[in-house]
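S.K.: Heads up: the protein sequence lines correspond to chains A and B, in order. Residues in the first sequence are numbered consecutively from 538, following the working numbering. Residues in the second sequence are numbered consecutively from 20, following the working numbering. Where a beta carbon is used, it is the ideal one built from N, C-alpha and C, also for glycine. Sharing a structure with you now.
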Amino acid sequence: MMARTLFDKVWDRHLVCAGPAGSSLLYIDLHLVHEVTSPQAFAGLREAGRKMRRPDLTFATLDHNIPTLGNRMVLEDDLARTQVEALRQNCREFDIPLFDLDSAEQGIVHVIGPELGLTQPGMTIVCGDSHTSTHGAFGALAFGIGTSEVEHVLATQCLVQKKPKSMLVRFSGMPGPGVTAKDLILSVIAQMGTDGAAGHVIEYAGEAIRGLSMEARMTICNMSIEAGARAGMIAPDQTTFDYLEGRRFAPRGEHWNTAEKDWRTLQSDPGAQFDSTVEVNAGHVAPFVTWGTSPGMAVPITGEVPDPNHGASDSERNSIVRALEYMNLRPHTLIQEIAVDRVFIGSCTNARLEDIRSAARVIKGYRVSNSVQAMIVPGSQQVKRAAEQEELHRIFTEAGFEWRESGCSMCLGMNPDRLQPGERCASTSNRNFEGRQGAGGRTHLVSPAMAAAAAVAGHFVDVRNWQYKD
Amino acid sequence: MQSFRAHSGVVAVLRRDNVDTDQIIPKQFLKRIERSGYGDVLFFDWRYHRDGQPDPAFPLNAPQYRGASILIAGKNFGCGSSREHAVWALRDYGFRAILAPSFADIFANNCLKNGLLTVGFHQAELERLLARDAAGVHTLKVDLEKCRISGEDGFEAQFEVDEFTRTCLLKGLDEIGLTLNHEAAIAQYERRQIRRE
Ligand code: SF4
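In structure tokens form, the structure reads like this:
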């Protein structure tokens, strides 16, 4: 048999039959739903008089436009309330389990899927959200879809897909102290550009990946979409199984043994061919900071804001000029000299327990700079509780951070948490687009440790030189 | 899905790379639960000043592009969020086709579901189109059957689209309906899964 990649194996397992014009009908094992991209899909289903095929493979949560403060069952924003109510109503009508705002398991869709054990190796997973790529950290094929495709999955539990190409991103060496998964993935995006992996499913491999925890692997796969990839995957191993075992929806007993045996086969065969390969030396990666309005506009903390004259083409020079104007930055400014007004630690990229621990370690014994407003928004209620059990919330509140309820929050600012025009933010989220965190707001993407250090210093600093007080 | 065979209209040019769906439609407009009514807020932050007045410097507000239904854009158009609202906004505004060096995957998929044609053109060919725009010619015909764009000024170029996109758009396929026709295969797949567990 021909050597196959991990992606080939998961793809092949889910082929139902051929679709139109060279496409395939792919079966979907898990469909995650949230309030923003689903109402029109349910409406479409209803209008066509169609039934939902597999409510039992579908799970819903409220995360995108909900408040992170106060009594969350009372939504003041009329439009947000309408959308939240619509999801509740749809879940009741179609019998879909919903992690509502009073649920102990509510949280950001890509945080709760893995922590509940819903996300498992070898699955196909979709959600009306581009960061569905997160779940690929378990060796699942997970990708974001639009609302029409959400409707398609509701009705058929399948999707019509053309098979993407494959790309191997291989890390050699190990990252140094203070260098995190966020820095690894930002360095990859800076290297290949935000469309570098368009049309591809990436498999991340190499020594550095094997050494990462599941949470860190999720950070890597989460940002695959920022390199333009359809999905990102990491082959499951003992780290994956140890993470999954005992979680609420993970298989148990005899089922676990059978599943684990099967999951161990989910690896790219020796000699399997990828359409392209990218090599990254993890040992050379420094903490990264974005300076512009696209995640690929990133440099090491020791670097400086680029000069448009060094752009390779007219369109690149124009992009740099536009970005510098929006970000109000001058060429050659040292990254460490950029002062911030706000710090946001949160999002499906970096709001899991390890992220919060790593920020807490930096913050411990320090206070947030007087010129900075800082908030931390755990990715889920479970993360929040676990952090509180470790008393981490005290470290943050004593330092002057706001400790919030779980949700997407200022990752996209659909709820009241957002930047004011002109404010500059060190953010652990995944997108620094113009206005992403609030119209006119300026976002710099960094790791949780780097964000915490910036909160204390009032400007970016190299966390590799941090004086920890523990 | 709406079909697309051929379309003639005014061509607007937006010379920016990596235009993300947050720019095409900002988040505050994603709270609605309808599929239509997004045309007025397309490119909201770029199109209007803070006081709500149109920004004359934004290309779509230029008089020569009034009523545009074909868009020429930069590379990696539609990157970022999967929000289909971006496509609904482009459609509501009146766009039927977008020509660009490349598109983000989810965005292109969403376009297909809404009968909005995305055509990849090499930079060199786009330069020809831009020269034409600079010379004041702002109309074009996009023919999907012949895979050709042409203008009354004699301009002509061939393009390639993959067979899947072309078939779906020409026929205006009801994808869900088609998949439901495969009920037997889907049910069989599900039975196989249960046995494996
Ligand atoms: S945290 Fe941000 S990126 Fe993640 S699902 Fe929410 S809005 Fe999307």
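1) Starting from A:Ile-900, trace the alpha helix (DSSP H) in both directions and tell me its first and last residue.
2) Do you know offhand how far B:Ser-169's Cα is from B:Asn-128's?
3) So, is A:His-869 buried or exposed, given that buried needs 16 or more other C-beta atoms within 10 angstroms?
4) Compare the C-beta of B:Gln-42 against all C-beta atoms of chain A and say whether one is closer than 8 Å.
5) Extract the residue ranges of the alpha helix (DSSP H) inside the region 833-889 of chain A, only unbroken runs of 4 or more that lie entirely within it.
6) Considering Cα atoms alone, identify which of A:Ser-908, A:Leu-691, A:Ala-924, A:Val-909 is closest to A:Pro-915.
7) Measuring CA to CA, which of B:Gly-97, B:Gly-113, B:Phe-77, B:Cys-98 is closest to B:Ala-87?
8) Tell me, to the nearest whole angstrom, how far the beta carbon of B:Leu-148 is from that of B:Ile-91; I am working on the premise that it is less than 8 Å.
9) Thinking C-beta only, is A:Tyr-741 closer than 8 Å to A:Ile-762?
10) Any C-beta of chain A sitting closer than 8 Å to the C-beta of B:Leu-197?
11) Measuring alpha carbon to alpha carbon, tell me which residue in A:Gly-995, A:Ala-876, A:Gly-683, A:Pro-845 is nearest A:Asn-907.
12) Spell out whether any CB of chain A is found under 8 Å from the CB atom of B:Phe-62.
13) So what does DSSP say about B:Glu-67, is it helix, strand or coil?
14) Tell me which same chain residues have a C-beta within less than 7 Å of the C-beta of A:Val-716, skipping the five on either side of it?
15) Does the region 899-906 of chain A touch the region 565-581 of chain A, meaning 3 or more C-beta pairs lie closer than 8 Å?
16) When you compare the CB of A:Phe-596 with every CB in chain B, is at least one pair closer than 8 Å?
17) Cβ atoms of B:Lys-46 and A:Met-951: under 8 Å apart, would you say?
18) Name the two residues that bound the continuous alpha helix (DSSP H) containing A:Ala-963.
19) What's the C-alpha gap between B:Val-20 and B:Arg-69?
20) I'd like to confirm the pairing. Which residues does DSSP put opposite A:Arg-707 in its beta bridges?
21) Which residues share a DSSP beta bridge with A:Tyr-564?
22) Against A:Ile-682, what residues of chain B qualify as contacts under a CB-to-CB distance less than 8 Å, listed in chain order?
23) For the beta strand (DSSP E) holding B:Asp-162, just list the boundary residues, first then last.
24) Whole angstroms is fine: what's the gap from A:Ser-805's alpha carbon to A:Asp-779's?
25) For A:Gln-577 and chain B, any beta-carbon pair shorter than 8 Å?
26) With DSSP as the reference, identify every bridge partner of B:Ser-169, one or two as the case may be.
27) Can you tell me whether A:Ala-923 is helix, strand or coil according to DSSP?
28) Do we get a CB-CB distance below 8 Å when we pair B:Asp-70 with the residues of chain A?
29) Could you name the residues of the same chain whose beta carbon sits closer than 7 Å to that of A:Thr-830, not counting the 5 residues immediately before and after it, in chain order?
30) Please confirm if A:Asn-969 has its CB atom under 8 Å from at least one CB of chain B.
31) Out of curiosity, what's the CA-to-CA distance linking B:Tyr-208 and A:Val-690?
M.R.: In short:
1) 890-900
2) 25 Å
3) exposed
4) yes
5) 851-864
6) A:Ala-924
7) B:Gly-113
8) 6 Å
9) no
10) yes
11) A:Gly-995
12) no
13) A small fix is needed here, since residue 67 of chain B is Tyr in this sequence, not Glu. Note: B:Tyr-67 maps to strand in three-state DSSP.
14) Val-822, Ala-823, Pro-824
15) no
16) no
17) yes
18) Premise fails: A:Ala-963 lies in the beta strand (DSSP E), 961-964, not in any alpha helix (DSSP H).
19) Correcting the residue identity first, residue 20 of chain B is Met in this sequence and not Val. Those two C-alpha atoms are separated by around 36 Å.
20) A:Ala-742, A:Glu-816
21) A:Cys-695
22) Ser-101, Ile-125, Asn-128
23) 158-162
24) 21 Å
25) yes
26) B:Lys-160, B:Glu-175
27) helix
28) no
29) Ala-860, Tyr-863, Met-864, Asn-969, Phe-970, Glu-971
30) no
31) 15 Å
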